[in-house]
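*Asks:* The C-terminal position of the sequence shown is numbered 319 in the numbering used here, with every residue numbered one higher than the one before it.
Beta carbons are placed, not taken as given, at the ideal position from N, Cα and C, and that holds for glycine.
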Amino acid sequence: MPANMKTIRFLATSFFILLLLAFDIKGDDYTVASGNKSLLVALGCFWCAEQAFEQYAPGVIEAVSGYAGANGIENPTYRNHPGHFEVVLIEYDPTKTTFKLLVQYAYRNLDPFDSYGQFCDRGSSYYPAIFYANEEERLEVESVIEEILAMHPEWDPASVVVPILERPVFWKAEEYHQNYYIKKPKNYGYYKNACGRTKRLKSVWGEHEYFCYHDLEISCFNNTVVNEEGVEVDAEVNIKNASEEVVGLMPQWAVILVSIVAVILVCGLTFFLSNRVKR
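(1) Extract the residue ranges of the beta strand (DSSP E) inside the region 111 to 174, only unbroken runs of 3 or more that lie entirely within it.
(2) If you run the structure through DSSP and keep just helix, strand and coil, what is VAL209?
(3) I need the straight-line Cα distance from LYS212 to GLU180, nearest angstrom please.
(4) Since ASP69 sits in a beta bridge, which residues does DSSP pair it with?
(5) In whole angstroms, what separates the C-alpha of TYR107 from that of SER165?
(6) What is the rounded straight-line gap between the Cα of TYR156 and the Cα of GLY163?
(7) Alpha carbon to alpha carbon, how far is VAL100 from LEU205? Give it in angstroms, no decimals.
(8) Evaluate the contact criterion for the region 72 to 85 versus the region 141 to 159: three or more CB pairs, one atom per stretch, below 8 Å.
(9) What residue range does the beta strand (DSSP E) around GLY106 cover?
(10) Please return the same chain residues whose Cβ sits closer than 8 Å to the Cβ of VAL202, not counting the five positions on each side in sequence.
(11) Between the Cα of ALA364 and the Cα atoms of THR135, TRP245, TYR70, which residue gives the shortest distance?
(12) Taking CB distances under 8 Å as the criterion, tell me whether GLN218 reaches chain C.
(13) Can you tell me which of GLU285, ARG237, GLY67, ALA110 puts its alpha carbon nearest to the alpha carbon of PHE125?
(14) Below 8 Å between beta carbons: does that hold for VAL265 and PRO98?
(15) Reducing DSSP to helix, strand and coil, say where VAL266 ends up.
(16) Can you tell me whether GLU272 is helix, strand or coil according to DSSP?
(17) With DSSP run on the structure shown, which of helix, strand or coil describes ALA97?
Right, dumping it as structure tokens:
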């Protein structure tokens, strides 16, 4: 066989192998718009993480609930996701915020001293983690931790146990989990309050620091942020214009149940009294 034919055959075979490998590569189950970037974090319950970023963090376009884990199964579901964290993929506009700032928001929405779950949710699904896609992001996360420890010298660095992990594939959660804080505000408010999330965050970070990262006016930052180009811009939050959360006394299903029981009791009492009058 002529040498040039061998070369052509070798190149064709190599191209075919690379093509097969390309088709085998798994990508995120969500497409970020051109020009935007994304961050992946695990902060316990993904409903709460979604609200924290969409409502309060500057420059966030979308926060998507899902599952991710280096050793997780493919096509995970809420009922079956071994090896996965509950996570949120945060799509953001780099002209309106930075990766580092969003990592700062992530830490103010987790308990850094608990690696076995978050708040009332326990188990591997609710383990916290901050994920990085490249070395630059890893260094950014580490710089945030250093800054936090400098702000809280009373903390033992060894007690901050949230891992920094290489970013795995993201799988989008079922539709009923998306925007849960908007779709079911009373159920969500009841759950978040009963879980003790806000109370614990204030205990860990302090009232003022908690307020700074949960303020629609971004008043602690003078309503501005510095974007990834180093330009100071007006802070934009709450892109979905969601209302402040409602702290329900009980979940919606319990309200319905109590209402039904109340109607039955009233009807029964009315029937009983009417029979007594007739006698």
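*Replies:* Reading from the atomic positions:
(1) 125 to 132, 169 to 172
(2) VAL209 falls in the coil class under three-state DSSP.
(3) 26 Å
(4) DSSP lists no beta-bridge partner residue for ASP69.
(5) 9 Å
(6) Each residue's alpha carbon lies about 6 Å from the other.
(7) 22 Å
(8) yes
(9) 100 to 108
(10) TYR147, LEU150, PRO152, SER155, PRO168, ALA169, ILE170
(11) The shown model of the chain, from 41 to 319, leaves out residue 364, and the question about it has no answer.
(12) Structure shown: chain C not included; a single protein chain is present.
(13) PHE125 has its Cα closest to that of ALA110, out of GLU285, ARG237, GLY67, ALA110.
(14) yes
(15) Residue state, collapsed to three classes: strand.
(16) strand
(17) coil
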